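Trainee: If you scroll down you'll find the structure; I have some questions about it.
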Amino acid sequence: MNETVSSTPSETLGFQAEVKQLLHLMIHSLYSNKEIFLRELVSNASDACDKLRFEAIDNAALLEGDGELAIRVDYDKAARTITISDNGIGLTRDEAIANLGTIARSGTKEFFSKLTGDKQKDAQLIGQFGVGFYSSFIVADKVTVITRRAGTPAEDAVRWESDGQGEFTIAAADKATRGTDVILHLRADEDELLSGWKLREILRRYSDHISLPIRMAKEEWDAEKNEQVKKEELETVNQANALWTRAKGDITDEQYKEFYKHVAHDYDDPLAWTHNRVEGRSEYTQLLYVPKHAPMDMWDRDGRRGVKLYVKRVFIMDDAEQLLPSYLRFVRGVIDSADLPLNVSREILQESRDVRAIREGSAKRILSLLEDMAENRKDDYVTFWNEFGQVLKEGTGEDSSNLERIAKLLRFASTNAGDDTQSVSLADYVSRMKEGQDKIYYVTGESYAAASNSPHLEIFRKKGIEVLLLWERVDEWMLSYLREFEGKSLVSVAKGGLDLDALADEEEKKRQADVQEEFKPLVERLKTALGDKVADVRVTLRLVDSPACVVVGQNDLSPNLLRMLKAAGQQAPDVKPTLEINPEHALVQRIRDAGDGDFSQWAELLLDQAMLAEGGQLSDPAGFVKRLNALLLKAA
6 MNETVSSTPS
16 ETLGFQAEVK
26 QLLHLMIHSL
36 YSNKEIFLRE
46 LVSNASDACD
56 KLRFEAIDNA
66 ALLEGDGELA
76 IRVDYDKAAR
86 TITISDNGIG
96 LTRDEAIANL
106 GTIARSGTKE
116 FFSKLTGDKQ
126 KDAQLIGQFG
136 VGFYSSFIVA
146 DKVTVITRRA
156 GTPAEDAVRW
166 ESDGQGEFTI
176 AAADKATRGT
186 DVILHLRADE
196 DELLSGWKLR
206 EILRRYSDHI
216 SLPIRMAKEE
226 WDAEKNEQVK
236 KEELETVNQA
246 NALWTRAKGD
256 ITDEQYKEFY
266 KHVAHDYDDP
276 LAWTHNRVEG
286 RSEYTQLLYV
296 PKHAPMDMWD
306 RDGRRGVKLY
316 VKRVFIMDDA
326 EQLLPSYLRF
336 VRGVIDSADL
346 PLNVSREILQ
356 ESRDVRAIRE
366 GSAKRILSLL
376 EDMAENRKDD
386 YVTFWNEFGQ
396 VLKEGTGEDS
406 SNLERIAKLL
416 RFASTNAGDD
426 TQSVSLADYV
436 SRMKEGQDKI
446 YYVTGESYAA
456 ASNSPHLEIF
466 RKKGIEVLLL
476 WERVDEWMLS
486 YLREFEGKSL
496 VSVAKGGLDL
506 DALADEEEKK
516 RQADVQEEFK
526 PLVERLKTAL
536 GDKVADVRVT
546 LRLVDSPACV
556 VVGQNDLSPN
566 LLRMLKAAGQ
576 QAPDVKPTLE
586 INPEHALVQR
596 IRDAGDGDFS
606 QWAELLLDQA
616 MLAEGGQLSD
626 PAGFVKRLNA
636 LLLKAA
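The sequence shown begins at 6 in the working numbering and counts up by one.
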């Protein structure tokens, strides 16, 4: 360890409040899977070595004459400690305080709001949050970290120490070698871990994929002491070559899963993965995973996400978002390029032709993985859709070259399902279309209830025609790009001029013509009474139970989209609705017979009701209540 404590007095600081909560949760929720502490600390050590290797590309002096990066694990029975050491990048004093005393990540508040008290579910959340260092306190009642940033003098080392109860101390130290030593002072009931055999077993199970050598002292049996004793010689206990460089046939499913937990900092298994070597104009290896759970910061616009980028097995950067399109930002894994320069920057990635080829190839590979899941592992695809369906919908606008493939992967609720389960594919819908139907019908709303109770659905339910129900914020945006599927246009049932003639019998067509003429006087009176509040008034047979509805033109923004724009503070165009009335409804018959004194009030009441049924907001709610009360009193 080569460390001595400086005479400089130590400083005691308090943990960030969230860290206190996290430590308590970590200890109690993950105790049944406590061995993961070693996986997390070795993973952190590997990352530190990767970062040094990357920084040393431009500044070789950081290696301090020792370019062999490695991790060492040791134990001391007498002192009851386990030490995980690396010769990676190390930490400065400020970095130690920031990285070990606070959670410098967005979504902290949301993380704690989602805790349930269910240990299994909470453990998954901890994994999503990626705070593996704190797993040390599952097995240790005190943790000491001695660290020195590469390139700084020995006397600039730092000693960080905490019992996990709310405070930590930090002091100056001397450390001859760069990197970090994490020393775990084990709890009284953790004697099992003070064994070379046990530590090797954990390392081979959880960390065999680490590309750096993990070394431990060789051991031999001492008959006199009746125990294993350590020798001076070290041995490598893992395979120490990058997992993605091995042949697929040499890697077990368990090894793939453990590697995922390493790169994604997740405690749960992945949902699916794909591992391929691509040769041709661009040469690269991809090992990509679809997680089982969405990260909490998936909707954080400022959050970095993406895969790890390597060049010829040299780590370059985390979260290389340029290697996958944004709508696949949930994917985790590694891409190792044979063509990119070692000093590649994020700016170069933005412009590189090789990166564009990698992004396109990786997107196609993930879509193939999802297609296979949707076809052959339907339950897993349901899990995927519930977690990431809204993100995948973004691909309809972002990836025009794969629009058809993405469209086949989309899932919706519909009037056939009877609940908000999104399980209907567009192919399912087309296979159930009525004879003579040549369009895919949908309705949008602010919620499932608003969409499923829309008055626009009445004629479709009467005729047994399926309608897709959409209510997620991304849906309106998606529909501006997804115009058709397999030659069938997607049509909103809330748009005017809905052509159902192909599905109408001769009697219905004759009835439509008759009512148009019969109610012409009422339509004209309504137009006069409502004036510029509406674009038009007309009779419709699309309604069964409702007296009226509002529609917009085929090329106008939908009422739901207009509401979303206004709620977001965006300038929205002034779209006047068209009022369509149901000639067979008793209320319309009542209005037809109303005298001139009450007619304007009835007309405005009819329009206001239709707007409310559509989920809209009234410009004059008090006026609506006043009119309604006046008419109710007269009716009484």
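Think of the CB as a built atom: it goes at the ideal place given N, C-alpha and C, for glycine as much as any other residue. Predicted model only: the values in this text are computed from it and were never measured.
May I ask which residues mark the beginning and end of the beta strand (DSSP E) holding SER342?
Mentor: 337 to 342
Trainee: On a CA-only basis, which of ILE596, GLY366, GLY450 is nearest LEU474? Give me that one, please.
Mentor: Minimum Cα-Cα distance from LEU474 among the listed residues ILE596, GLY366, GLY450 corresponds to GLY450.
Trainee: Exposed or buried, which one is ASP579 when buried takes at least 16 other CB atoms within 10 Å?
Mentor: exposed
Trainee: CB SER497 to CB TYR447, shorter than 8 Å?
Mentor: yes
Trainee: Using a Cβ-Cβ cutoff of less than 7 Å, which residues in the same chain neighbour GLN260 once the five nearest sequence positions on both sides are dropped?
Mentor: Here GLN260 has ASP213, HIS214, LEU248 as same chain residues with Cβ atoms under 7 Å from its own Cβ, once five neighbours each way along the sequence are excluded.
Trainee: Using 8 Å as the threshold, is the segment 223 to 236 in touch with the segment 250 to 264, meaning 3 or more CB pairs across them?
Mentor: no
Trainee: Compute the Euclidean distance between the alpha carbons of ARG183 and ALA65, then round it to the nearest angstrom.
Mentor: About 14 Å.
Trainee: State the DSSP-derived secondary structure class of TRP482, mapped to helix, strand or coil.
Mentor: helix
Trainee: Output needed for PHE42: all residues of its chain with C-beta closer than 7 Å, excluding positions within five of it in sequence on either side, in chain order.
Mentor: SER140, SER141, ILE143, VAL144
Trainee: Cβ atoms of THR241 and ARG154: under 8 Å apart, would you say?
Mentor: no
Trainee: So, using beta-carbon positions, are ALA432 and ASP404 closer together than 8 Å?
Mentor: no
Trainee: Using CA coordinates, which residue listed in LEU375, ILE219, PHE465, SER436 is at the minimum distance from LEU548?
Mentor: Out of LEU375, ILE219, PHE465, SER436, PHE465 has the C-alpha closest to the C-alpha of LEU548.
Trainee: Answer yes or no: do THR17 and THR152 have a C-beta to C-beta separation smaller than 8 Å?
Mentor: no
Trainee: Give the single residue among LYS444, GLU100, LYS581 whose Cα lies nearest to the Cα of LEU495.
Mentor: LYS444
Trainee: Can you check DSSP and say which residues form a bridge with GLY19?
Mentor: Partner(s): GLU172.
Trainee: Taking the straight line between their C-alpha atoms, what separation do you get for PRO588 and PHE524?
Mentor: 7 Å
Trainee: With the cut-off set at 8 Å, would you say ASP71 and ASN92 are in Cβ contact?
Mentor: Yes, these two residues count as a Cβ contact at 8 Å.
Trainee: Does the contact criterion of 3 or more C-beta pairs under 8 Å hold for the segment 477 to 489 versus the segment 602 to 621?
Mentor: no
Trainee: Please name the residue, chosen from VAL150, LYS180, GLY156, that lies closest to GLY169 on a Cα-to-Cα basis.
Mentor: VAL150
Trainee: Helix or strand or just coil, what does DSSP make of GLY112?
Mentor: In this predicted model, GLY112 has a pLDDT of only 47, less than 50, meaning its place in the structure is not dependable; the value taken from the coordinates is given anyway. GLY112: coil per DSSP, three-state reduction.
Trainee: Counting beta carbon pairs with one atom in the segment 420 to 430 and one in the segment 349 to 367, are three or more of them shorter than 8 Å?
Mentor: no
Trainee: So who's on the other strand from SER200, going by DSSP bridges?
Mentor: Answer is none; SER200 lacks a bridge partner.
Trainee: State whether the segment 384 to 399 contacts the segment 332 to 344, with contact taken as three or more CB pairs (one from each stretch) at a distance under 8 Å.
Mentor: yes
Trainee: What are the partner residues of TRP165, as DSSP defines its beta bridges?
Mentor: Bridge partners of TRP165: VAL150, ILE175.
Trainee: Taking the alpha-carbon positions, what's the GLY402 to GLU409 distance?
Mentor: 12 Å
Trainee: If contacts are defined as beta-carbon pairs under 8 Å, then ASP603 and PHE629 qualify, I think. What distance do you get, rounded to the angstrom?
Mentor: With 8 Å as the limit, ASP603 and PHE629 do not qualify as a contact, their Cβ atoms being about 15 Å apart.
Trainee: Bridge partners of LYS493, per DSSP?
Mentor: PHE490
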